[in-house]
Amino acid sequence: MPRPSHPSRFPSSPSPSPSQPSGKGEVSDLKLQLRQLAGSRAPGTDDSKRDLFKKVISYMTVGIDVSSLFSEMVMCSATADIVLKKMCYLYVGNYAKVNPDLALLTINFLQKDCKDDDPMIRGLALRSLCSLRVANLVEYLVGPLGLGLKDANGYVRMVAVIGVLKLYHISASTCVDADFPTMLKHLMLNDPDSQVVANCLTALQEIWSAEATNSEEASKEREALLSKPVIYYLLNRLKEFNEWAQCTMLDMVAKYVPSDSNEIFDIMNLLEDRLQHANGAVVLGTVKVFLQLTLSMTDVHQQVYERIKAPLLTLTSSGSPEQSYAVLSHLHLLVMRAPILFASDYKHFYCQYNEPSYVKKLKLEMLTAVANASNTYEIVTELCEYAANVDIPIARESIRAVGKIALQQYDVNAIVDRLLQFLEMEKDYVTAEALVLVKDLLRKYPQWSHDCIAVVGNISSKNVQEPKAKAALIWMLGEYAQDMTDAPYVLESLVENWDEEHSSEVRLHLLTAVMKCFFRRAPEMQKTLGAALAAGLSDFHQDVHDRALFYYRLLKYDVATAERVVNPPKQAVSVFADTQSNEVKDRIFDEFNSLSVVYQKPSYMFIDKEHRGVFEFSEELGNLSIGVESADNIVAAQIVGATDNDLLLSTEEKEESTVSSSNGSAYSAPLYGGSSLASSLSQSELAVSSSITPANPSPTGLSLDDLLGLVSSPAPAPSSSPPSLKLNPKAAMDPATFQQKWRQLPISLSQEFFVNPQGLVALMTPQILLRHMQGQSIHCAASGGQAPNFKFFFFAQKAEEPSMYLVECVINSSSSKAQVKIKADDKSTAEAFLAMFQSALSTFGMP
Amino acid sequence: MISQFFVLSQRGDNIVFRDYRGEVPKGSAEIFFRKVKFWKEDGEEGDAPPIFNVDGVNYFHVKVAGLLFVATTRVNLSPSLVLELLQRIARVIKDYLGILNEDSLRKNFVLVYELLDEVIDFGYVQTTSTEVLKSYVFNEPIVIDAARMPSLGPAAIFMQGNKRMPGTAVTKSVVANEPGGRKREEIFVDIIERLSVTFSSSGYILTSEIDGTIQMKSYLTGNPEIRLALNDDLSIGSSGRSLYDYSSSAGSGAVVLDDCNFHESVHLDSFDIDRTLTLVPPDGEFPVMNYRITQAFRPPFRINTLIEEAGSLRAEVIIKVRAEFSSDITANTVVIQMPLPSYTTRVSFELEPGSVGNTTDFKEASRRLEWGLKKANYSLFFSIVGGSEHTLRAKLTFSQESHGNITREAGPVSMTFTIPMYNASRLQVKYLQIAKKSKAYNPYRWVRYVTQANSYVARI
């Protein structure tokens, strides 16, 4: 095959890409040359065309607009040379969207090529045809696609299947009307070519997920992809597929809910050898299946951890650093979930000097997590080596890690010694980190104060600059004023330099420390206290000012009371708050083998709504708003819990509040943030009262609405007989559990009924419905949609029983119909619950 | 599915750019490059991780041959899948071009586009097998001159004028015909081992691990079946033996792999019986098997470091390196590094009498001592012959007094090297059998061993 004659004319030299101004002249030059070649039949024309085409595409790559060459390119594309054709297709695909009129020019030759004798050309032309992304050309796609799906050649069918998906994205209705999804389904279950099957699967997943929001049928079809026959069919053919298609399938299998444990073991045995695959994505896909299938079988689940350990470790140490990072992130997740199972593998988490810092950070966290009585000594010794590391951020992390280990261990002797050695290293950042740690350590183990104070006393406050470290030092000066002889004088000099202290955090701590010191050593401190309060009162920072004023008034009132407030006897901190709630952690675990693990965040925190997943129920919930967020003050029972309340504070605030409360200072972060929580509290109380008289829910509803100051208040529903079922008014369920349950349970009942007109009017603000239902002890998990279609997920729990009811309720405000699907743990009472639900809904919006 | 794929040069130029779904705004390549170049997180500068999110767009990248291979997406994908894919695309391109670098990529970008069209359709992976792609791809690679290009990767050391090896083999395109239109029938099997060893200050081995790969590159026509026999006494899994058991003496007993994985073309039917791998190698380069060993082994080098204060503003560092392998083996590209106290201002070096061609340097910016070792004056590469011992003395001058514990301010000593025809694990390919098509069929087979330092560190 001839080579281009002037390769050097393309931007092959390492010089910067051709600049814009000269590009313009060259484009018109190219236009001229292309025009000359268009009609030529002279020998060698194709070679010259190739050169020109290459040039055009190289311009396209570097971002020069060559769309003005469109008609010339199309004219030149009448050729038998497949390389030329391919370049032309590439060009056309890139610019058709912005030149829809010109794109019409290409339809003709592409359609012709779709009927070529060479399957290669048929496939290529079909792919390009579908890649034009021009809405008004879709009519030309249907015919060639239909033929393509029935083509005798696998390559053409493979291209056609993805073509259907492309068509769906240009015009969903055209795709569905042509009945392409049904054809894909048929191909998926019958085609001999594995790549055709794999493409059908991905295309159907995308199409049905998108359709499911407006079509009942599509959502059934989507569920059918996870049905036993389809899953088994795919599993049996799994080994025919290439590694990438295997990943797609493993992802599906992980969502399949087997009926019994035999089925689980069959699937696991079948997939066992996938754990030995060299492709990390296949291994992680398999690991996900194993973990998901065994969630409810504790001992098997643990065996799975043991089984997957070695393959994951091998993957982290083979392959490129990037690949091993992806696997290490997953290993990190598993270690954090079950550190005890990895305790003997701690040496694998030692850092290597040449590893990038993002890997070292993960490893340090893992080392911290797996530390236990038997390996602590070695781990801490290793971490101390890193503390002298040239990489300062990692040195800091290592010291923090040592501190964390100290806080989670009972036997801390040796570690305290190490920390104190850090203080003696005389590196600023090491001292700073160590001071913060010693402070935390003392809060947990006050018995060590004697040893620590001796060392801390030797540190000159002038050598400590970082605010956090300075604050820690000052805290210790105040707290242990009795044991540190020169504490008053150190504090005095700090107060003298008040104006040079830029950090308000340090100034706040200084005020408190001066107070504490004063209570113990009044004669030495009186003057300093006065100076500190004066400085505080004239401080420009509001918090500092307020605290100084508060202390001042407190002292004026009564010194003994002030001491009780500012420096009460303290209890040692037993556990420091975790930064991530269990719910968030579980959510990330549910999204194993995805970006959530790498970012350590659930997907709803970083993926836009319209791109969230393609297949999951979670995405459906995600598209709707998560209950906790949207239904602000309605889901009272769910958010009042103390731990969740912590969640509402940022980590920093949380630290602040724990620090200050244990300081015993008067500075207290508000525990209940806003009025919303307050009102939700009173609401849940009301909800409790409703359980007392469940037979007649109306009084509750009335008072509830009065409280919230709403216009509409539900009338006592005379039409509906009091339901016999009692519901737990404080039922709670997090969205993840809801999803999982929804996936597992079959539909018990499904019904459609009319919604009264008043209800539809009130539905303009869907929140009101949520409140209304809450009044009937039916809680909302998620809600969303816009007129005319609203969708709600509710749940309720039988009083004094764990049995749950899950409801999907779709209300169409234009047809005044509500479609209700109920899934129940206890099917026998589903009917009664439905009646109750219906009656609750029927009273909605009634005056 | 991925939304875009692109390749950037080290300076951030687009060499190849393909948009599959049109969901990500146009400037993504610039956004990506700026982010990677000036990576900062929590106020700390550092290396950009291979995966990050900017404004809802997820960027994945791998670095190959000084180029950045990048994919973007808006959906929540498997990170392993995308990174593996990027790596695989790089490998396919290398199979086609023979050499993968900026120059070869720029010369062949049309071919690369052609490949990309077949590898990914509408963001979904179709195939990454060089074998399969061959029937869809029509551009001929423009092969660049390999001789001028120091290629990357561990197998590259076989190019160093060693007469036993055909120099161009590893950089030969899988598809292009050689000048004269004939294709040489040959197959390469490389056993590449990367060592991670940490010595304590007293010379005791704290951790050690071998990460090995058996890599294959086949230029055989007709894809004959191949049998690869490994050590008979090879065993897998460390059952019954605690990890990191160094009490068992090195040099005796079987080779024990902690774990291993295999390429999908490998059949393990007889592996349990006679440790033989059977496979029909696809075209192109691929890892037949990856393995991991924590069993004790004899490290190829011993490092002794001594750091002593000599007066208030002076100190002396003595580094001694011993090559503990046989003298017919030579280690290449040997470089030893050691961070020095931050207040070091000047370093003077003193080598043993008679040593030739060593280089010594004090990198002031990073406060690092660097020592390159050469075997003899004719070698282009730093190298050490087995059994030899080398010593470096360095006199340090400080700008301030050290605070007593100087060892906490310096070190550890790290070492990089490559040792051809040496493997630490003693894992061997005992024979390489090719199913014969005819009596005359006797392709060249190359089985090559190489050991490299991954992280070779001695604390002081």
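If you're matching them up, the sequences are chains A and B in order. For the first sequence, our numbering assigns the number 439 to the initial residue and increments by one for each residue that follows. For the second sequence, our numbering assigns the number 134 to the initial residue and increments by one for each residue that follows. Note that CB positions come from ideal geometry on N, CA and C, so glycine has one too.
Comparing C-alpha positions only, which one of the options sits nearest to residue i?
i        : options                                   : result
A/SER506 : A/GLU793, A/ARG479, A/ALA534              : A/ALA534
A/PRO926 : A/VAL944, A/GLN964, A/ASN896              : A/GLN964
A/ASP783 : A/LYS1047, A/SER758, A/VAL765, A/ILE817   : A/ILE817
A/GLU654 : A/ARG675, A/GLU1246, A/LEU1272, A/PHE1282 : A/GLU1246
B/SER142 : B/PRO158, B/ASP152, B/VAL203, B/GLU217    : B/VAL203
B/SER558 : B/ARG224, B/ILE343, B/LEU201              : B/ILE343
B/ASN437 : B/PHE458, B/SER333, B/ARG581              : B/SER333
A/SER569 : A/LEU603, A/ILE559, A/ALA590              : A/LEU603
A/LEU664 : A/ILE645, A/ALA683, A/PRO696              : A/PRO696
A/LYS906 : A/LEU948, A/ALA648, A/ALA1200             : A/LEU948
A/LEU585 : A/LEU622, A/ASN1227, A/GLN740             : A/LEU622
B/MET471 : B/ALA464, B/ASN465, B/VAL480              : B/VAL480
A/GLY477 : A/LEU468, A/ARG488, A/ASP489, A/CYS514    : A/CYS514
Let me see if you follow: with CB-CB separation under 8 Å, is residue i close to chain A or not?
i        : result
B/GLN348 : no
B/LEU428 : According to the sequence provided, residue 428 of chain B is Gln. The question's Leu does not apply to it. B/GLN428 does not count as touching chain A.
B/ARG425 : yes
B/GLU503 : no
B/PHE404 : no
B/ARG167 : no
B/ASN556 : no
Less than 8 Å between the CB atoms is what I'm expecting for residue i and residue j, so what's the real figure, rounded?
i        : j        : result
A/LEU802 : A/SER836 : 6 Å
A/VAL599 : A/CYS552 : So it is not a contact: roughly 15 Å between Cβ atoms.
B/ILE593 : B/VAL518 : Not really, about 26 Å apart at Cβ, beyond 8 Å.
B/GLU457 : B/ASP228 : Wrong, their Cβ atoms sit about 38 Å apart, outside the cutoff.
A/ALA839 : A/ASN813 : Actually they are not in contact, since the Cβ atoms of A/ALA839 and A/ASN813 sit about 13 Å apart, beyond 8 Å.
A/THR620 : A/VAL580 : Going by Cβ atoms, the distance from A/THR620 to A/VAL580 rounds to 14 Å, so no, they are not a contact pair.
B/GLU483 : B/ARG526 : 4 Å
B/TYR555 : B/PRO433 : 7 Å
Kindly list, in the order they appear in chain A, the residues whose Cβ is closer than 8 Å to that of residue i.
i        : result
B/VAL149 : THR499
B/ASP323 : Under the 8 Å cutoff, chain A gives no residues; its nearest Cβ is about 14 Å from B/ASP323.
Between which residues of its own chain and residue i is the CB-CB distance below 8 Å, once the five residues before and five after are set aside?
i         : result
A/LYS1265 : SER1186
Along chain B, in chain order, which residues have C-beta atoms closer than 7 Å to that of residue i?
i        : result
A/SER795 : GLY179, ASP180
A/LYS604 : PHE255
A/MET690 : Result: empty, since nearest Cβ-Cβ is about 13 Å, beyond 7 Å.
A/VAL521 : PHE271, ASN272
Near residue i, which residues of its chain fall below 6 Å by C-beta distance, leaving aside the five closest residues on each side in sequence?
i        : result
A/LEU672 : MET687
A/GLU943 : PRO905, ALA909
Compare the C-beta of residue i against all C-beta atoms of chain B and say whether one is closer than 8 Å.
i        : result
A/VAL681 : Inspection of the sequence shows that residue 681 of chain A is occupied by Glu rather than by Val. Output row for A/GLU681: interface = yes.
A/THR752 : yes
A/ILE559 : no
A/PHE787 : no
A/TYR990 : no
A/PRO831 : yes
Please work out which residues of its chain come closer than 7 Å, Cβ to Cβ, to residue i, disregarding the five sequence neighbours upstream and downstream, and give them in chain order.
i         : result
A/TYR824  : CYS789, ILE832, ALA833, SER836
A/VAL1013 : none
Can you list the residues of chain A that residue i reaches, using a CB-CB cut of under 7 Å?
i        : result
B/PHE395 : GLN714, ALA716
B/LEU455 : First, the amino acid is wrong: residue 455 of chain B is Arg here, not Leu. What B/ARG455 touches in chain A: nothing, since even the nearest Cβ is about 21 Å away.
B/ARG541 : ALA826, MET863
B/GLU217 : ASN717, GLY718, ALA719, GLN761
B/PHE242 : SER496, THR499
Along chain A, in chain order, which residues have C-beta atoms closer than 9 Å to that of residue i?
i        : result
B/ILE184 : GLU760, TYR763, ALA764, SER767, LEU1033, VAL1036, TYR1037
Can you pull the chain B neighbours of residue i, defined as C-beta to C-beta under 8 Å?
i        : result
A/GLN633 : GLN259, THR260
Give the residues of chain B in contact with residue i, contact being defined as C-beta atoms less than 9 Å apart.
i         : result
A/GLU1029 : ASN209
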